[in-house]
Amino acid sequence: MKRRAFLKMTGGALAAAGLGSLVPGAISPTRAQDAATGQASGPAAATTGAPEVVLVENGEPVALLQAALKEMGGMGKFVSRGDVVVVKPNIGWDRPPELAGNTNPDLVAEVVKECLNAGAKVVKVFDRTCNNPLRCYANSGIEAAAAGAGAEVSQIDESRFKTIGLKNGEAVKSWDIYQDYLEADKVINVPIAKHHGLARVTLGLKNLMGVMGGQRGQIHNPFDKKLNDIAGEILPTLTIIDAYRLLMNNGPSGGNPADVKLAKTLIMSPCTVSADLTALPLFGLQVGDLPYLQEAVNRKMFKFDPARLNVKKLSLS
Amino acid sequence: MAGSGEGEARQGPNGLAERVPWLARLVTRLAGLVPWLRWPGMPGGRRLVQAVFLVAFVVLFVRMRYPFHPSPAPDLLLRTSPLAPLFFGAADRAVPWAWWPGLVVLALTPLLGRFFCSWVCPLGAMLDLVGERLAPADQARQGAQARSWPAGKFLVLAAVVAAAVAGLHAWFFFDPLAVANRGMTVVLFPLGTWAAQGVAGLLELVPGAGGLAGTLRRSLRGWVMPEGQTEPAFFWFTAVFFLGLLATEWVTRRFWCRTLCPAGALLALCSRFRGVRRQVDSSCVQCRQCSRRCPMGAIPDDDVTATARGECTLCLDCLDHCPVGLRAIGFVPGWAPWPEGMPVPTVPLGFAAVTPVDLTRRRLLQAAAGGLLAAGGARVALDDPRVSSQLIRPPGALPEPAFLERCIRCLACVRVCSSNGGCLQPAGFEAGFPRLWTPRAHMKAGYCEYNCNLCGQVCPTGAIKRLPEAEKQKTVMGQACFNKNHCIPYAKLTDCLVCEEHCPLPEKAIQTHEREVDLPDGSRRKVKFPYVVPERCIGCGICEHKCPLPGTATGVFVVRAYENR
Ligand code: SF4
Ligand code: SF4
Ligand code: SF4
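See below:
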């Protein structure tokens, strides 16, 4: 390459970087969270009579979702016309749906459809995977299902992370978050409930690690603080926990069919902590068994008081 | 080698022509067609075929990835190597049918000479691209007058044969197919994709070209590189070796093919009595353009009617340079009578009719002795166990000695792995000369993907066995070990378990035991300490890869132990 061309290129890149940080309003780390808070907190929820958490049992993923949404008052309560919506499933592992390593693809597809029906301009689906992303997207069945439902499914582009400050950070003061996530108007968090060696169980809060950049392994110590430092800053609009198949052991990657338990359950809440708390009995656990969830409760990262959580349970049959 | 010549060569197959007249007629007809492979006014046919083979080679290379395309076989063109059937056939004492493309090349060579070199060989095509498009059009680089040493390739061949007989397999360092694929894997593809992304980045800065940049990025992702940028190990030396090889075009056209390529030497030997040869008729005005332009230097400057049978690659460039209207050059069967009124070539006969040098027996013996010495060196040099214990091989690799004999260092496995776990990297000098460029798993660069068995699928030689997925998942590459001086729970008394989280086995090979420990401030804390269950661990290395500790200080690492090979 000629020297002049090289100089142009470097200069161009620098200019681009500078411009990016100048564009006003391009990136607002707390938009998703604000939207969530504004949507369904406290009195508003009470007056409309919608429950704080819905737990539906005994159905197929699509039926479970429909029932829960009906209780909540429809997807239109969370997604407005023209919104850019991110649906964040767990696509972490190169595993087929039967092994319960990833979110159920039918559920993801139905969530995407609901968002589009509610008027979302675009629905984006992505996850920063643990195994090879091509394999995870394909073999989880999520890529095909979500794209078939009309979502924009893309792999994480490592150059699109943005460092955000964590104002309540105790163990970390800043972390990289995926730009598309930060820029979304609404975020629907769709984790699968499964066993995890360190965390005991991974649910809604931990699923948010899928939009965190950098060396995620470092979040593991001290896990309880770092996870909440970061997750607390990027809480989603709505959390839908896929508990259709539960991975009871050897998680989060799984692989042993004997560890998969068919629970045919779904939990939905605009509050991630509340959703996570509601899922614990599925594993026979209490909040004290999960130090990171206890920490989230202690930090009051919830929208609804765990002591008097209004959980609506119903069973389809 | 000396003693046989053009005259004898013409008489030899004469008997054949009388005994099998239909074959003779067929060859005559075919030879008559050769000039038509050059389209009127343009250097057509041959170049078209050459381009098709090069593009096919590149397409097959790009398709060597996940998701896997088993057909056409990604290694199909790698198997056109004419050397591989020779060495593998000799080693196995059996016809290596898997190398049928190479066998076809070998079978056609006695008829067409070294056609492989200018019609099929991807390295030859790359050299032509460089020599014709990049290097300056300097007459001194072309034809018989250019610097080259045609005997060299026979010496290389003699040396690698002698070395192979003595147990050192080194021929594949010079195998043109292996060289080309190695260059693609380590140098051209990584640099090319990097440059393409750079172009997209630049386009984005041009006002109004954003859409174009997006299209470029998307098609790169969709067609060429769905995975991230590949970052090969042992890049610098390989780049110097490979780009240096291409750069010889600045010295002499097809320097590699004239002087070094052992496949070229083998094909030259097979062209000893080639069925189709170049023929100059009496309309020749002795302008010597053909001799000066022949990329192989196959036409002696002092006698343009002669052609070195082992050098001419049937590239037909001489036809292009023969003054228009003359068309003094034709192609005829090897035994066709010398044209009326043409002087029989005056150049030295004998081996020089195959190649324009006097290749002495002494030189060949010297080269063979060099090969033997190299084999001896490889045998006696200390195989440092501290190094070899780190050379983790792909899952399904043959036992080490057989592996070193089979693996042609084409790096197809490294290529396919870069779109999967990404652990396979070419070994460098640290592994010792006989292991140069062999694939080794580098667990900080990547890890072996539990559900992947693709390296075995693309390996053209069977150096990596073609394991079904379920069997591969049980194939032990090595063994994970904790380094308690580094591992966070042991060294810092706080939880971590990133390794355990990622261990892909249905029953995790990393288990934990929880103990309460005393902390400096007098308090106590429960910590989960990981350990490896050796019967379960397959050495996939994702634990080492994902360990948050840096570089050589990882808390867990894989060593070569308990392998299934
Ligand atoms: S099986 Fe493992 S080593 Fe082989 S290509 Fe796949 S990931 Fe790489
Ligand atoms: S192991 Fe096979 S694919 Fe890999 S470099 Fe050797 S021959 Fe090529
Ligand atoms: S190398 Fe590590 S991750 Fe792989 S099987 Fe062994 S313990 Fe598990």
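Which chain is which? The protein sequence lines are A and B, in order. For the first sequence, this note's numbering assigns the number 1 to the initial residue and increments by one for each residue that follows. For the second sequence, this note's numbering assigns the number 1001 to the initial residue and increments by one for each residue that follows. Where is the CB? At the ideal position from N, CA and C, for every residue including glycine.
Since residue i is in the alpha helix (DSSP H), which residue starts that stretch and which ends it?
{"i": "E114 of chain A", "result": "105-117"}
{"i": "R1515 of chain B", "result": "From DSSP, R1515 of chain B is part of no alpha helix (DSSP H) but of the beta strand (DSSP E) over 1510-1518."}
{"i": "S1118 of chain B", "result": "1115-1119"}
{"i": "P1176 of chain B", "result": "1176-1183"}
{"i": "H1502 of chain B", "result": "1498-1502"}
{"i": "L1112 of chain B", "result": "1100-1112"}
{"i": "S1388 of chain B", "result": "1385-1388"}
{"i": "Q1197 of chain B", "result": "1189-1205"}
{"i": "T278 of chain A", "result": "272-279"}
{"i": "C1413 of chain B", "result": "1412-1417"}
{"i": "V1160 of chain B", "result": "1151-1165"}
{"i": "Y137 of chain A", "result": "133-139"}
Just to make sure I have the definition right: I need the residues of chain B whose C-beta is within less than 8 Å of the C-beta of residue i. Which are they?
{"i": "C271 of chain A", "result": "Correct list: empty, because the minimum Cβ distance to chain B is about 26 Å."}
{"i": "F223 of chain A", "result": "D1495"}
{"i": "G148 of chain A", "result": "The contacting residues do not exist; G148 of chain A stays about 18 Å from chain B at best."}
{"i": "G217 of chain A", "result": "C1496, V1498, K1546, C1547, P1548"}
Going along chain A, which residues have a C-beta under 8 Å from residue i?
{"i": "S1419 of chain B", "result": "N132, L134"}
{"i": "H1486 of chain B", "result": "By Cβ distance, chain A contributes nothing, its closest Cβ being about 13 Å from H1486 of chain B, past 8 Å."}
{"i": "T1512 of chain B", "result": "G197"}
{"i": "H1502 of chain B", "result": "C130, S253"}
Taking residue i as the query, report the chain A residues whose CB atoms sit under 7 Å from its CB, ordered along the chain.
{"i": "L1497 of chain B", "result": "G197, L198, H220"}
{"i": "K1508 of chain B", "result": "N250"}
{"i": "P1226 of chain B", "result": "L134"}
List, in order along the chain, the chain B residues whose C-beta lies closer than 7 Å to that of residue i?
{"i": "E138 of chain A", "result": "Position check: residue 138 of chain A holds Ala in this sequence, whereas Glu was assumed. Within 7 Å Cβ-Cβ: P1067."}
Could you list which residues in chain A have their beta carbon closer than 9 Å to that of residue i, in chain order?
{"i": "E1449 of chain B", "result": "D94, N131, N132, R135"}
Going by other Cβ atoms of all chains shown within 10 Å of its Cβ, with 16 needed for buried, is residue i buried or exposed?
{"i": "Q1479 of chain B", "result": "buried"}
{"i": "V1020 of chain B", "result": "exposed"}
{"i": "L1267 of chain B", "result": "buried"}
{"i": "P105 of chain A", "result": "buried"}
{"i": "V53 of chain A", "result": "buried"}
{"i": "R1440 of chain B", "result": "buried"}
{"i": "K264 of chain A", "result": "buried"}
{"i": "L1212 of chain B", "result": "exposed"}
{"i": "R308 of chain A", "result": "exposed"}
{"i": "E98 of chain A", "result": "exposed"}
{"i": "Q1286 of chain B", "result": "exposed"}
{"i": "Q1139 of chain B", "result": "exposed"}
{"i": "R1029 of chain B", "result": "exposed"}
For residue i, which residues in the same chain have their Cβ closer than 6 Å to its Cβ, ignoring the five residues on either side in sequence?
{"i": "A1265 of chain B", "result": "K1153, F1154, L1157"}
{"i": "A1135 of chain B", "result": "E1249, W1250"}
{"i": "A1163 of chain B", "result": "A1170, G1371, A1374, A1375"}
{"i": "E143 of chain A", "result": "Y137, V153"}
{"i": "V1034 of chain B", "result": "F1331"}
{"i": "L1177 of chain B", "result": "L1078, S1081"}
{"i": "A1125 of chain B", "result": "Q1050, L1054"}
Near residue i, which residues of its chain fall below 7 Å by C-beta distance, leaving aside the five closest residues on each side in sequence?
{"i": "F302 of chain A", "result": "C271, V273, S274"}
{"i": "D1518 of chain B", "result": "R1524"}
{"i": "R1147 of chain B", "result": "V1251, T1252"}
{"i": "A145 of chain A", "result": "P105, D106, V108, A109"}
{"i": "S315 of chain A", "result": "E57, N58"}
{"i": "F1433 of chain B", "result": "A1378"}
{"i": "R1406 of chain B", "result": "L1398, T1461, G1462, A1463"}
Got a sec? Which residues, its chain only, sit under 8 Å from residue i by beta carbon, not counting five neighbours each side?
{"i": "P306 of chain A", "result": "V273, S274, L277, V287, V297"}
{"i": "L198 of chain A", "result": "H220, F223"}
May I ask whether a heavy atom of ligand 5 can be found less than 7 Å away from the beta carbon of residue i?
{"i": "G1421 of chain B", "result": "Absence of ligand 5 from the depicted structure is noted, with ligand 1, ligand 2 and ligand 3 being the only ligands included."}
Could you list which residues in chain B have their beta carbon closer than 9 Å to that of residue i, in chain order?
{"i": "N256 of chain A", "result": "L1505, P1506, E1507"}
Could you check where the beta strand (DSSP E) with residue i kicks off and where it finishes?
{"i": "Y181 of chain A", "result": "First-last for Y181 of chain A: 179-183, but that is the alpha helix (DSSP H), not the beta strand (DSSP E)."}
{"i": "P1426 of chain B", "result": "1424-1426"}
{"i": "D242 of chain A", "result": "238-247"}
{"i": "I1329 of chain B", "result": "1329-1333"}
{"i": "G165 of chain A", "result": "161-165"}
{"i": "V56 of chain A", "result": "53-57"}
- prompt: Between the segment 1466-1479 of chain B and the segment 1449-1456 of chain B, do at least 3 Cβ pairs fall closer than 8 Å?
  reply: yes
- request: May I ask you to list, following chain order, the residues of the segment 159-175 of chain A that have a beta carbon less than 8 Å from some beta carbon of chain E?
  value: Of the protein chains in the structure, A and B, none is chain E.
query: Is the segment 78-87 of chain A touching the segment 114-122 of chain A in the sense that three or more CB pairs, one from each, lie closer than 8 Å?
result: yes
query: Are the segment 167-175 of chain A and the segment 128-137 of chain A touching by the rule of at least three beta carbon pairs closer than 8 Å?
result: no
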